[in-house]
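According to this note's numbering, the sequence shown holds residues -10 to 206 in order.
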Amino acid sequence: MRKLIHITLIMCLSSSVLGQRYMDTNNPQDEEVKSLLSKQNDLNAFGALDLKISDLKDERALLVGAYGGFIINRRYLFGVAGYGIVTNVEFEGLVPGDVNPKKLHLHGGYGGIIIGGTIAPKELVHISFPIILGAGSLEVVDKDFFMNNPADSEFTVENSVFFVAEPGIEVEFNITKYFRLGAGATYRYVSGLELDNVEDDDISGTTAILSFRFGRF
(Lines of atoms letter the chains of each structure in order from A and count residues from 1; the text may use other names and numbers.)
(Lines give C-alpha, C1' and ligand atoms only; values in the text may rest on other atoms or scores of the structure.)
Protein backbone atom coordinates (compact mmCIF):
# COMPACT_ATOMS: atom_id res chain seq x y z
CA MET A 1 0.00 0.00 0.00
CA ARG A 2 2.81 2.38 0.95
CA LYS A 3 4.60 1.54 -2.33
CA LEU A 4 1.43 2.32 -4.27
CA ILE A 5 1.15 5.71 -2.57
CA HIS A 6 4.80 6.47 -3.37
CA ILE A 7 4.32 5.52 -7.05
CA THR A 8 1.17 7.64 -7.27
CA LEU A 9 2.96 10.68 -5.79
CA ILE A 10 5.89 10.24 -8.16
CA MET A 11 3.52 10.05 -11.16
CA CYS A 12 1.66 13.19 -10.02
CA LEU A 13 4.88 15.14 -9.54
CA SER A 14 6.19 14.00 -12.92
CA SER A 15 2.98 15.03 -14.63
CA SER A 16 3.11 18.42 -12.92
CA VAL A 17 6.70 19.01 -14.03
CA LEU A 18 6.02 17.96 -17.62
CA GLY A 19 2.87 20.06 -17.71
CA GLN A 20 4.78 23.10 -16.45
CA ARG A 21 7.46 22.59 -19.08
CA TYR A 22 4.78 22.34 -21.78
CA MET A 23 3.13 25.56 -20.59
CA ASP A 24 6.47 27.35 -20.52
CA THR A 25 7.48 26.28 -24.02
CA ASN A 26 3.99 26.60 -25.52
CA ASN A 27 2.74 29.72 -23.82
CA PRO A 28 0.03 31.19 -26.08
CA GLN A 29 1.08 34.67 -24.95
CA ASP A 30 4.52 34.13 -26.47
CA GLU A 31 3.23 32.86 -29.80
CA GLU A 32 1.47 35.29 -32.15
CA VAL A 33 -1.73 34.06 -33.75
CA LYS A 34 -1.17 33.61 -37.48
CA SER A 35 -3.41 35.74 -39.68
CA LEU A 36 -3.54 36.96 -43.27
CA LEU A 37 -3.00 40.61 -42.33
CA SER A 38 -0.34 40.19 -39.65
CA LYS A 39 2.80 42.33 -39.48
CA GLN A 40 4.89 39.37 -40.60
CA ASN A 41 3.21 39.27 -44.00
CA ASP A 42 4.37 41.22 -47.05
CA LEU A 43 1.76 43.84 -48.04
CA ASN A 44 2.10 45.89 -51.25
CA ALA A 45 -0.29 48.27 -53.00
CA PHE A 46 -1.05 48.11 -56.73
CA GLY A 47 -3.30 49.53 -59.44
CA ALA A 48 -4.42 48.17 -62.82
CA LEU A 49 -6.13 49.19 -66.05
CA ASP A 50 -8.32 46.61 -67.82
CA LEU A 51 -9.73 46.35 -71.33
CA LYS A 52 -12.58 43.87 -71.76
CA ILE A 53 -14.24 42.68 -74.97
CA SER A 54 -17.60 41.01 -74.55
CA ASP A 55 -20.99 40.52 -76.21
CA LEU A 56 -23.83 42.57 -74.76
CA LYS A 57 -27.27 42.02 -76.26
CA ASP A 58 -25.58 40.13 -79.14
CA GLU A 59 -23.40 43.15 -79.93
CA ARG A 60 -19.61 43.21 -79.53
CA ALA A 61 -18.70 45.79 -76.87
CA LEU A 62 -15.62 47.23 -75.20
CA LEU A 63 -15.59 47.83 -71.46
CA VAL A 64 -12.84 49.84 -69.81
CA GLY A 65 -12.15 49.85 -66.10
CA ALA A 66 -9.64 49.85 -63.33
CA TYR A 67 -9.01 48.12 -60.05
CA GLY A 68 -6.64 48.56 -57.17
CA GLY A 69 -5.86 47.27 -53.73
CA PHE A 70 -3.25 45.18 -51.98
CA ILE A 71 -1.21 42.06 -52.68
CA ILE A 72 -0.43 39.94 -49.63
CA ASN A 73 2.69 37.74 -49.65
CA ARG A 74 2.89 38.20 -53.45
CA ARG A 75 0.04 35.71 -53.83
CA TYR A 76 -3.27 37.01 -52.51
CA LEU A 77 -5.13 39.95 -54.02
CA PHE A 78 -7.78 42.11 -52.38
CA GLY A 79 -9.21 45.39 -53.69
CA VAL A 80 -12.03 47.16 -55.52
CA ALA A 81 -12.85 47.30 -59.24
CA GLY A 82 -15.13 49.19 -61.63
CA TYR A 83 -15.96 48.90 -65.36
CA GLY A 84 -18.10 50.82 -67.84
CA ILE A 85 -19.36 50.39 -71.43
CA VAL A 86 -17.45 52.76 -73.74
CA THR A 87 -18.65 51.64 -77.19
CA ASN A 88 -22.04 52.04 -78.82
CA VAL A 89 -24.25 49.02 -78.08
CA GLU A 90 -27.29 49.20 -80.34
CA PHE A 91 -30.24 46.83 -80.64
CA GLU A 92 -33.89 46.68 -81.71
CA GLY A 93 -36.27 47.30 -78.82
CA LEU A 94 -39.58 48.80 -77.77
CA VAL A 95 -40.35 52.12 -76.14
CA PRO A 96 -43.38 51.95 -73.78
CA GLY A 97 -46.49 52.96 -75.74
CA ASP A 98 -45.00 52.08 -79.13
CA VAL A 99 -45.81 48.94 -81.10
CA ASN A 100 -43.02 49.22 -83.64
CA PRO A 101 -39.44 48.34 -82.63
CA LYS A 102 -36.77 51.02 -82.92
CA LYS A 103 -33.05 51.35 -82.33
CA LEU A 104 -32.15 51.60 -78.66
CA HIS A 105 -28.81 51.74 -76.86
CA LEU A 106 -27.26 50.36 -73.68
CA HIS A 107 -25.40 52.48 -71.14
CA GLY A 108 -23.99 51.31 -67.82
CA GLY A 109 -21.34 49.49 -65.88
CA TYR A 110 -20.59 47.51 -62.76
CA GLY A 111 -18.12 47.23 -59.91
CA GLY A 112 -17.39 45.70 -56.55
CA ILE A 113 -14.70 43.95 -54.57
CA ILE A 114 -12.02 41.92 -56.31
CA ILE A 115 -10.20 39.00 -54.70
CA GLY A 116 -7.85 36.43 -56.12
CA GLY A 117 -4.75 34.31 -55.94
CA THR A 118 -1.58 33.81 -57.97
CA ILE A 119 0.43 30.66 -58.63
CA ALA A 120 4.25 31.04 -58.78
CA PRO A 121 4.21 34.88 -58.77
CA LYS A 122 8.01 35.16 -58.99
CA GLU A 123 8.20 33.22 -62.25
CA LEU A 124 8.39 35.07 -65.57
CA VAL A 125 5.03 33.61 -66.61
CA HIS A 126 2.41 32.70 -64.03
CA ILE A 127 -1.33 32.30 -63.56
CA SER A 128 -3.79 34.34 -61.50
CA PHE A 129 -7.42 33.70 -60.61
CA PRO A 130 -9.37 36.94 -59.94
CA ILE A 131 -13.05 37.14 -59.08
CA ILE A 132 -15.30 40.21 -58.86
CA LEU A 133 -18.37 40.30 -56.62
CA GLY A 134 -20.57 43.38 -56.76
CA ALA A 135 -23.40 45.21 -58.47
CA GLY A 136 -24.08 47.32 -61.53
CA SER A 137 -26.55 49.58 -63.28
CA LEU A 138 -27.91 49.42 -66.82
CA GLU A 139 -29.91 51.94 -68.84
CA VAL A 140 -31.84 51.46 -72.07
CA VAL A 141 -31.68 54.75 -73.96
CA ASP A 142 -33.52 56.13 -76.99
CA LYS A 143 -31.11 58.63 -78.57
CA ASP A 144 -33.75 60.05 -80.96
CA PHE A 145 -36.67 60.43 -78.58
CA PHE A 146 -36.57 64.25 -78.48
CA MET A 147 -35.81 64.88 -82.15
CA ASN A 148 -36.79 68.56 -81.89
CA ASN A 149 -34.11 69.20 -79.24
CA PRO A 150 -30.68 68.74 -80.85
CA ALA A 151 -28.92 69.70 -77.62
CA ASP A 152 -30.35 66.74 -75.71
CA SER A 153 -32.37 64.20 -77.67
CA GLU A 154 -31.75 61.20 -75.40
CA PHE A 155 -34.43 59.63 -73.27
CA THR A 156 -33.95 56.86 -70.71
CA VAL A 157 -36.54 54.24 -71.60
CA GLU A 158 -35.83 52.06 -68.54
CA ASN A 159 -33.08 51.30 -66.06
CA SER A 160 -32.25 48.69 -63.47
CA VAL A 161 -29.58 47.59 -61.02
CA PHE A 162 -28.22 44.04 -60.94
CA PHE A 163 -25.92 41.66 -59.09
CA VAL A 164 -22.71 40.51 -60.79
CA ALA A 165 -20.17 37.76 -60.14
CA GLU A 166 -17.22 37.47 -62.52
CA PRO A 167 -14.56 34.79 -61.99
CA GLY A 168 -11.62 34.61 -64.37
CA ILE A 169 -8.22 33.22 -65.22
CA GLU A 170 -5.26 35.23 -66.51
CA VAL A 171 -1.77 34.44 -67.74
CA GLU A 172 0.56 37.15 -66.39
CA PHE A 173 4.00 38.22 -67.59
CA ASN A 174 6.52 39.97 -65.35
CA ILE A 175 7.66 42.76 -67.67
CA THR A 176 9.55 44.64 -64.95
CA LYS A 177 9.62 44.58 -61.17
CA TYR A 178 6.82 47.18 -61.13
CA PHE A 179 4.79 46.23 -64.21
CA ARG A 180 2.86 43.12 -65.20
CA LEU A 181 0.90 42.38 -68.36
CA GLY A 182 -1.97 39.93 -68.19
CA ALA A 183 -4.31 38.32 -70.71
CA GLY A 184 -7.13 35.89 -70.14
CA ALA A 185 -10.86 35.33 -69.93
CA THR A 186 -13.66 35.78 -67.42
CA TYR A 187 -17.28 34.74 -67.19
CA ARG A 188 -19.68 37.48 -66.13
CA TYR A 189 -22.79 36.19 -64.34
CA VAL A 190 -25.59 38.77 -64.06
CA SER A 191 -28.74 38.38 -62.00
CA GLY A 192 -31.63 40.63 -60.97
CA LEU A 193 -32.22 42.79 -64.07
CA GLU A 194 -35.76 44.15 -64.22
CA LEU A 195 -36.02 45.43 -67.79
CA ASP A 196 -38.46 44.77 -70.60
CA ASN A 197 -35.84 44.97 -73.36
CA VAL A 198 -32.88 43.25 -71.69
CA GLU A 199 -32.65 39.99 -69.74
CA ASP A 200 -29.91 38.61 -67.47
CA ASP A 201 -28.66 36.26 -70.19
CA ASP A 202 -28.22 39.18 -72.60
CA ILE A 203 -25.51 40.64 -70.35
CA SER A 204 -24.00 37.44 -68.96
CA GLY A 205 -21.23 35.74 -70.89
CA THR A 206 -17.56 35.18 -71.59
CA THR A 207 -15.18 38.14 -71.74
CA ALA A 208 -11.67 38.47 -73.13
CA ILE A 209 -9.46 40.66 -70.94
CA LEU A 210 -6.17 42.52 -71.30
CA SER A 211 -4.74 43.86 -68.04
CA PHE A 212 -1.97 46.36 -67.27
CA ARG A 213 -0.94 46.13 -63.61
CA PHE A 214 1.38 48.53 -61.83
CA GLY A 215 2.81 48.22 -58.34
CA ARG A 216 5.54 46.69 -56.23
CA PHE A 217 5.35 42.98 -56.89
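Note that CB positions come from ideal geometry on N, CA and C, so glycine has one too.
For residue 189, the three-state secondary structure derived from DSSP is helix. Around the beta carbon of residue 99, 16 or more other beta carbons sit within 10 angstroms, so the residue counts as buried.
Between residue 65 and residue 53, the CB-CB gap reaches or exceeds 8 Å. The beta strand (DSSP E) runs of length 3 or more contained entirely in the segment 75 to 129 are, from start to end of the chain, 78 to 82 and 91 to 108. Just measuring C-alpha positions, the residue of 59, 43 and 49 sitting nearest residue 31 is 59.
Bridge pairing for residue 46: absent [DSSP]. Using a 10 angstroms sphere on the CB of residue 180, the tally of other CB atoms stays under 16, which defines it as exposed.
Bridge partners of residue 202 according to DSSP: 37 and 169. Assignment of residue 177 by DSSP, reduced to helix, strand and coil, places it in the strand class. Comparing alpha-carbon positions, the option among 132, 55, 160 and 189 lying closest to residue 153 turns out to be 189. Apart from sequence neighbours up to five positions away, the residues of its chain that approach residue 48 with a beta-carbon distance below 6 Å are 78, ordered along the chain. Taking a cut-off of 8 Å for Cβ pairs, the segment 74 to 94 and the segment 113 to 122 do not touch, as fewer than three such pairs fall below it. Measuring C-alpha to C-alpha distances from residue 193 to each of 125, 94 and 40 identifies 125 as the nearest. Residue 151 counts as buried, since at least 16 other C-beta atoms from the protein chains shown sit within 10 angstroms of its C-beta. Put simply, of 172, 168, 165 and 34 the residue whose alpha carbon is nearest the alpha carbon of residue 157 is 172. In the assembly as shown, residue 183 is an exposed residue. Its beta-carbon has fewer than 16 other beta-carbons within 10 Å. 8 Å or more divides the Cβ of residue 75 from the Cβ of residue 127.
When C-alpha distances from residue 166 are compared across 197, 204 and 155, the shortest belongs to 204. For the 8 Å CB-CB criterion, residue 70 and residue 103 form a contact.
Residue environment analysis places residue 90 among the exposed positions, since fewer than 16 neighbouring C-beta atoms fall within 10 angstroms of its C-beta.
In the three-state DSSP reduction, residue 183 falls in the coil class, being neither helix nor strand. When DSSP states are grouped into helix, strand and coil, residue 163 belongs to the strand group.
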